[in-house]
Each structure stands twice: as C-alpha cells, then as structure tokens.
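For the sequence shown, the tail end lands on 1223 under the numbering used here, and the numbers increase by one without skipping. Idealized CB from N, CA, C, for every residue including glycine. Keep in mind it's a predicted model, so treat the numbers as computed, not measured.
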Amino acid sequence: MLKLMSKIWSIYIVGAVILLAPGCRRSADLPSDISEVMAVVPEKVDYTLHVKPILSDRCFACHGPDQNKRQAGLRLDEEESALAKNEESGLRAIVPGNTYKSELVSRILSTDPEKVMPTPESHLELTTEEKAILIRWIEQGAGYKPHWSFVKVTEPVVPEVKDKGWVQNEIDRFVLSGLEKAGLKPAPEAEKHTLLRRVYLDLTGLAPTPGEVDAFVNDKSPEAYEKVVDKLLASSHYGEHRAVPWLDLARYADTHGYQDDGPRTMWPYRDWVIRSFNQNMPFDRFVTWQLAGDLLPNPSPDMMLATAFNRNHQQSQEGGIVPEEYRNEYVSDRVNTFGAVFLGLTTECARCHDHKYDPVSQKDYFSLYAFFNNNNENGQIPYNGEASPTIVLPTPDAEKRLRELTQVKLSAQKKRSEIKKTSRPDFEKWLRTLPQQKDSLVSFSEGLAGYYKFDDTTPRKLVNSAVLKDTARVEGDDSLSVAAIKEGKSGKSRYIFGENAIRFPKPVGWYERHEPFTVSVWLKLHDEGTVGSLIHKSNGVFNGYRGWNIFREADGTFRFTLSNVWPENSIELISKEKVPLGEWVHLAVSYDGLSRARGAKMYLNGRPMPVIVMNDHLTQSLLHGKKHSNWGFSDMLIGRLADQYTKDFEVDELRIYSRSLNALEVKGLFTGKNEMEVALADKRDDQALEWLHQYFLENYDEGYRAALKAFRAAVEEETNILDDQLDVMVMKERKYPRKTYLLKRGVYDAPDYEVSADTPGQFFKIPAEYPKNRLGLARWLLHPDHPLFVRVTVNRFWQEIFGRGLVKTTEDFGNQGELPTHPELLDWLSARFRSSGWNVKELHKLMVMSATYRQSSVVSPEAGKADPDNRLYSRSQAVRVSAEQVRDNALVSGGLLVRAIGGPGVYPYQPDGIWEALATRNAVKYVRSTGDSLYRRSMYTYWKRSAPPPMMLNFDAAERHFCSVKRQKTSTPLQALVTLNDPQFVEASRVLAQRAMEDEKLGGNTDAILGYFFKSLAGRDPAPAELKILSELYSNEEAEFRSKPLKAKQLLSVGESPCNPKLEPGRLAAYTVVAGTVMNFDEVLIKR
C-alpha cells in the first residue's frame, strides 16, 4: 500500500512539474479575457497572415527598422534580434515555445504602465484577440517568415478545380479554387450588353454606341466576345485610356506648380505614352526609356522624350528662392515617385529617418537619391523657355532642313580642316612677305564695338570711344557715383561697391550664337566677397541666364558662360586658377561663333587660362524676346545681374570686339605692344606661330574664310529654326558627377556623409556588374530576381481592370500594406507577364477574357454573406467610372466627341474666374477653346496644377502635384450638380436629344427616342417601368416648356454647337431634360 501511494505521489509531482514548467502556461494562468478568446484564435497561427500585421502596426515603430527610434536595441521585424538575449537585462523578447520566458508575453499582459507594451504614450493598444494570437504563436514555436513581397517571384502550380466547365483561362482556376474552398459558386456571366459596356470602358474608356451594342447582342458566334476584345485592343483609344492612370503616376501636368505655376510644354511626353501603349511597347522597354532613355547608346528622340517622366514634378520659377533647396526637392520627388511606381513602397518615409516599418534606411533613400541627383539642372527655372536639359522636337519640314544644315556644317568643318592641313606653304609664304606689308595686319580697332576708358569726369555718363553716340550710364545715387571714380590702371577707373552698376546701351554686347566677340577689361578685385557677375549680357535666372556672363566664383575662380538656358544648353568654362586680389589684372574672354566650347577662351594677363569645360552643348539662341518671353530685354551690365549686385571691384579700359581676337592680339591688349609683330620678328615660338597660322587662315585664306562663313550662316539659320520648335524637359547627366550626401532630416543644407548610388539590399541587391546610374537602376528593376517591380506592375493593371488590386494597398507592398487576396495568382500573372516579353496587351486580354472578369456584378445571398467585400471574386465589382469617362461618354452619346489623338492641351467649359483668383505672373486668364477643341477627350484638357479642371476634381481626378497610385472614390452632391448643370453636360444632353429627333429611324416616336437615350448612355434598352418614368417626365417638361418658350430658348442656347432651328423648341428642351436625367442614372455613372 505504501509503495502504491508513493508511486501515485511521484506521478503527481512529475505532472505538476511538467505543467508548471516554463512555456507550458496553462489557460488558468492567463487572464480570463485571454483564455476566453483562445477558442476563436486560429488553431495554427501563421506569421504572415496573423502575427506580422499586429507587430507591424503596434510594435515596429519602436522595435523595427528605424535605428534612431529603436528602443532597447530590440527589432521585432528580424528573427535574430527578437530571439536574442538582451545585453543589459539578460532577457529574451521571444523564446520559441516558452511563453513564461518570453518577455514579450510578460509585457503585453502587464497592467503596470511602466512595463506594459505598447506603452501608454504610444496611444497604441493590443486587443484581447491580438494578445492571444501572439501567445499562441510563441507557444507554437514563433516561426518567422520573410515578407511575402520581398521574396523572388516563382511561377506557382495552377490549381485543379472541380467546375472545369466554368474556366476560360488560368486566372479562373486560381479564383475558382478559392471559391470552392469557401463553398461558393461564381456568379453567372453578365448580360451581353453589360459585358460589352464593361469591356469597352475598361479597354478604351469609351462606351459603345447603340449600333455596337446591337451588333454584339445579335452576334451568336462563340468568337463574338473575343473579336470585340481584339478590336478594342487594336483601337487607338486603347492607348489613350491606358495612358490616363500612367499620367497620374507620372504626375503629368501642363504647368510647373508652386506659386507662379507657369506653363510648360509637356504634352509631347503624354502623346509618347499614348503611342507606346498603342504600339504595345514591351513594358520593360517602356520603363527603361522613361528612367534612362538618355543613357542608352545613341538615344533616339523618343528615348530622350521618354525621360520627361523624371521631369514632370513641380518646379519653381519664383524669385527669392534658394535654388539648391528646390533642386533637392525635385530629386526627392523623383525618388519618391520611383519608390511608389516601381517598388510599391513608401520610400518617402525614409527621407528624414530610417523607415519605421520597411527595410529602407535613410542611407538607402539617399543612395537611391544619388541615381537621380546628376541631372544637369538648376533649382530655379526660367520664365522664358523650358528648364534645361531639353530636347527639341522639330516639325517634319524643320527636321529636314536641320539635317541639311548639319551636313552643311560638317562639310564646312571638313573643308576647314583640309585647308588647315594643306595651307602651310601659303602660310610660310605669307610670313616671308609680311615684313614688307606690316600695315596689312588687322589693327586693334578692327571690329571694336565698344571702348570705355572710364576717364570721364561726369558721374553718370561714360563715353564709348569707339562709337561716340553709345554712351554708357552709371546706375546708383549721384553722390555714390562721384565716389565711384578712382585712379585706374590707365587714368581713371570706376569702383563697383555693391549698390551701383554700369549699363551699356544696345547694341553693345548683343551677340547671337553665330556671332564672334571678345571682351577685354582691366579689373582690380578688393575682397574675397567679390562674388557674382562682373560683366554680362543676360537676363539672369528668370530667363535661364540667356546670353553671356563673366562670373567670379566663391573660390576665386572665374566662370564664362554662353547660355540659351543654363546649365545644360550652354557653353560653360571655369578657370583652374584663381585671380589675385588687390592688384590690377587683365581679363579677356572670346568666342568664335561656332557654338562649341573649343571656340571659347579665357585669358588672364595676356595668357590663355587653363579651364574646365563644364558644359559644351549650346544649341539655341543667346538672345531674348523670341520664345514665349514675358520679360524685357536686358542691356550689358557691369556689377549687377537682375537684382543681385557684385561688390568691391574696379574696372578700367573695357573693350568689346565683334570678332574673336586671337591669343597674340589679347596679349597685345595686356602688354600694349603689337604682339603679332613681335611673333613675326622672333619666329621661334611654336605656339605663337600656330596662333599666327590660325590668324592667317581666318583673315587671308579665302577658301577657309568661305568655309567659316558657311558654317556660321548654317548656325544662324539653325538658331532661327530651333527658336520656333517645341522644347521638352528631359534628363541628361552632368559631365562631372554631383556628390550626394545623406541629408540630416532630409534638409538640403544639412549634409552628413557622402553616399554613392546603390539600391536597398534587403530584398535584392543591384548586381555589381550593373552601371551605378539610372540605366543600371532600370536593369535592376527588370532582373528576374527582383521581387517587387513585376508584382507591383501586374497588380496595378489588375486594379485598372477589376477595380481593385489583388493587393488592395496598391501604393504599399511593405509591412503596413494589405496581403494579397490571391498571392499565387499574383505570382503566376507576374511570371507570365515577364515570360511573355512584358506584353501589356496580352496581359489585358488574358484578364478580360477570363470567366472571372465576365461575371455579373449582381450579389447572390450566399456571396453577400460569405464574401461581402468580394475578396474572393465571387462576382464582378461595380465601380464608378473615372472623371474622364464621365465627361467623355456624355460627349460620345451625342456624337460630340472629337476623336483626334494627341496635341496641345485644350480648354473646355469651366466656371469663370478660377484662374484669375490664383494667377500671378503666368496664365492669368482662362481662355476657353472653340470648335473641335471644346469636344476633345478629357485627358487632353489643359492641366493647371494650382487650378485643375473643377469638373475633373469633383469626380476624384488626381491633382497631380505628386505621384498618385490610386484615385479615391467619393460620392458627393457636387457630382450631381456637375452632371445636371455643367454647360458641357447640358450641351451634350441637348445634342443627344437633337440627334434622336433628327433620326428618321426613330420617326419622332417618344418611346423610341427615350429608348435611344437609354441605350446611348446605359448601353441597354430601358425596362417598362423605367420607360414609364421617363415618359412621364418628358410630358411634364414639354408642358412646362410650351408654356414658357423663353425658358426653352434659354436652355437650348447652352453650348457652342449649333441648335437645329427646324426642331420644335418645347419638345427639344423637354427631351434635353430627359436626356440629362438619364445621364445622371446610376448605370451610366457606374461600370457594372
């Protein structure tokens, strides 16, 4: 008996030890509320489905990727950190299988405000069920999984299904598999007229006509639907419709944004997008061209134009801004857009600190930033002309002539080179005979357009010794002007002290791109603070510094620029040496009129200065007043550029020549000797002889002079042609890469440390062999191992067709985003899209041919209960049509829509005064279009960022200040007010009514006319009850208008399109009201 009792006691003790062992927490040890919900917690907890959403939303902010906000050194987003022992406390946040030793469990169950997690200060709380899920997960081993979208795409096996007869393609197998598991059946196929309207709207954005509806309904062939799909995919309207969501992504607009919001020429990019979709350009090429078309070998105009994608962001024209601050904003916008469009991540969250939820650090952000930081641009853009870099898009005739002129230049250049090689004997002969005819040398006065000695005693006026009538004027206070007269290098000089300047009248200093010139001046720089423009003929930043400029940099070097729009469309030289302070120095610059940097020179004290060529791409005019300028002409100035004054320097002996002096002539201006004669007498200086040879060619060799003249004439004609062509902003890399720094808090003037171009490595590192530029970045996206790009792209196309993405958070594939409803389907489509050669039309056809797409949107009781949000695709999704479709289909119904493709933006009806209320310097008044331009598709409506088309905004169009991945869907009274009262809709209703009354087939029959309205707008015949309502409305309205003819006349006068005077006004007005009523019908505004 004792032995038996001892054995029982031993078993009891062992059992108690087992039960009370760490990790074997009994339900009785849990708070009662936790114990109660354990019954509803999934029996097998999945990290991705159940745990990670809780950790991401409640824990990652303090225990996630952001190292600056991370508490206790703990990362719950990484398994290694979560399971590791804390160095200070010795505790582990998670001990797999052991809830007693898991500090996480202790903290989430604690009632102590000092210990409980999440902390009270975070204002985050875990629900009872969420606590239970975390506890059960740890009990089951706390298994981690990598985030689903960061895992390489592999093609899954297509599932088997029971109802094989329903399946049209592989999409249906994935969808039906989910439905069968849920015990649901798919909805029946939509009625033919509903399906036709749906596919028309999804593939072209335009509803079918009544004739197209009848033809499809009456076509009983098995191929009827596929024939329609193929026709729509081949339609030019397909590309238009596909372009609209892409333009939202690309933040396309016709103005720059910010306060001034001036116009830009960007519509050629929009037209390129349309063409690309219509031509079914492989999507990998479509993306590569936009990210890096300029970096491809021998880029075509279309490749360059595509890079306008990166320039669609807002840009500032405002005076007083810090250009570098805004340039950094532009680069950040490119990074944010890249992250949203191609990665499906909220990368902008990592600009100021490490991302709190996703594996994108602040260093990652600025490493991406480095890819986009080398565009040759300025932060403040001009009012006159497009912001460089640009591409010129000539008309066909202009392009033909420009090609001819290029050949002329090449021929002239070749001839000059040949003559130079063969002219040595003639040059030697000239050298031998020259001593006997020294007076044949060109004199210092030849081509002298301005000579200012500054010896004048009058404070204000400065005589031009070369052309006496061209008197320069000193700006500033009289007393200051007197004080500015100093002892100079020769006689008197003028002192520029920062509040005065010297203005030289036209034509002094006015030179076009093909015209050579030289500027020679003596300078005395007094202070290191003498920074800015010394002498220039340009209009400053508001015109892109168009003209020429001699500028002293902060480091003491000199810059000489000749610009159309700086920095890209310019010649820019920077001296390698500094100019000494406190002594008189002779500075000269020259330009030969041949539009290349090798023809621009800088001289200091009679010798050529070694220079760095920053830019060598001057292709357009140096003068103002031609291309869309709303700024006046500027004279040549010393000491001031626009409202910026340069201080503490003296000038003396200023000469301006309308020819390019050679080095010996410039040296002579420094020494006061005729250095040509010195060189001729010596003949031992090889460099001097080379200069003499060039001098001989340009002044005495008739063949060379003729070739030079032909070259300059070609440049002049080229300039005149190019000045009238379209310019579009594009991308082009700087010659010398710009350094990139991690910016503390993302602030432009707070650099921390230098970073190089690189990609976030947590999900896929850029291969080492790829170039670290935008082209390498594009190739990285397209690599088979890249997990995000193809999924994000396919999901967005799915959203466009089905109304919602397989991942609902189209904009966020990171830890805070929703999980895909059908992950295997998303991966299968992604793998298929890639293997198809990135064939967009094939992908769209696959989607719309599926039985899933063809389902009715009617909700069965079973589906309504088991699948209320339609996450299983148990039916089609009814969604409101887009803002563009609301207006476009109103125009289609009455035959008003002008179906031309492309071209500049147009100005349809909109309320008066909207632009005027917001205008500053630019586009101060909205001038409504006339004729066909009133009736173009809505995607061609001129898009002013500060005042987008109000009708479009009312129907949730993106404002396009920034990249928009998904439009919101709202329902407001304003929308009904628009479709009932906007002139465009009233006119469309009237024209539809007029068209029906004129249709002989309808014979003036009221029911037939009302049925025509319904089919034109809703794509089907009205039901008897609907027809009765419309008939009663018509009768009431006709009686009203017959008794009030003035009211009818007023209604029929809306819109520019002509009203048929032969039609009885009362009837037409009544039909107009009925047509407008149908236009507001639910089935017209909703795609079912």
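Pro-253 and Gly-940 have their C-alpha atoms spaced approximately 32 Å apart.
By the C-beta density criterion, Ile-270 is buried, having at least 16 other C-beta atoms within 10 angstroms. The shortest CA-to-CA distance from Ala-1092 to any of Asn-513, Arg-1022, Asn-740 is the one to Arg-1022. In the structure shown, Trp-719 adopts extended strand secondary structure according to DSSP, grouped into three states. Taking a 10 Å sphere around the C-beta of Tyr-738, we find 16 or more other C-beta atoms and assign the residue as buried. A residue is called buried when at least 16 other Cβ atoms come within 10 angstroms of its Cβ; Leu-1181 does not meet this threshold and is exposed. At the C-beta level, Arg-1223 and Ala-1013 come within 8 Å of one another. Judged by DSSP in its simplified three-state form, Ala-1035 adopts coil rather than helix or strand. Of the other Cβ atoms in all chains shown, 16 or more fall within 10 Å of the Cβ of Gln-450; this residue is therefore buried. When the alpha-carbon of Pro-651 is set against those of Gly-741, Thr-525, Ser-795, Asp-751, the nearest one is in Ser-795. Here the segment 419 to 431 lies against the segment 909 to 921, with 3 or more beta-carbon pairs under 8 Å apart. For the beta strand (DSSP E) assignment, the uninterrupted runs of no fewer than 3 residues enclosed by the segment 885 to 922 are, from N- to C-terminal side, 886 to 890. Look at the segment 492 to 539 and you find these whole runs of beta strand (DSSP E), each 3 residues long or longer: 525 to 528.
For the set Phe-924, Asp-947, Gln-452, Pro-343, the Cα lying nearest the Cα of Asn-513 is the one of Gln-452. Partner residues in the beta bridge of Lys-672, as assigned by DSSP, are Trp-683. Linking Gly-911 to Leu-431 through their CA atoms gives a straight-line distance of about 11 Å. Under the three-state reduction of DSSP output, Asn-704 falls in the strand class. The criterion of a C-beta distance shorter than 8 Å is not satisfied by His-979 and Leu-382. Residue pairing by DSSP puts Met-737 in a beta bridge opposite Val-724. In this structure, Arg-687 sits away from Leu-716, with a CB-CB distance that is not shorter than 8 Å.
Taking a contact to require three or more Cβ pairs closer than 8 Å, the segment 885 to 900 and the segment 486 to 501 qualify as touching. The straight-line gap separating the alpha-carbon atoms of Ala-1123 and Ile-516 is approximately 41 Å. According to DSSP, residue pairing for Trp-657 in a beta bridge involves His-721, Asp-787. Runs of the alpha helix (DSSP H) lying entirely within the segment 231 to 314, each at least 4 residues long, are 238 to 244, 263 to 274 in chain order. Note that the C-beta distance between Val-925 and Leu-729 is not below 8 Å. Residue range 771 to 773 is occupied by the beta strand (DSSP E) that includes Leu-772, with no alpha helix (DSSP H) assigned at that position. Per the C-alpha coordinates, the member of Ser-1011, Ser-985, Thr-1065 positioned closest to Glu-361 is Ser-985. Assigned with DSSP and collapsed to three states, Ile-1049 falls in helix. In the structure shown, Ala-636 falls within a strand segment according to DSSP collapsed to helix, strand and coil. Listed in chain order, the alpha helix (DSSP H) elements of length 4 or more contained wholly in the segment 1081 to 1154 are 1085 to 1089, 1108 to 1116, 1118 to 1133, 1141 to 1153. Among the bridge pairs identified by DSSP, Gly-455 is matched with none.
Here DSSP, grouped into helix, strand and coil, assigns Gly-626 to coil.
Thr-1212 carries a helical assignment under DSSP once its states are collapsed to helix, strand and coil. Taking C-beta atoms as the reference points, Phe-579 and Ser-628 fail to come closer than 8 Å. In this structure, the beta-carbon distance from Arg-790 to Tyr-586 falls below 8 Å. In this model, Ala-723 and Gly-881 are separated by some 42 Å (Cα to Cα).
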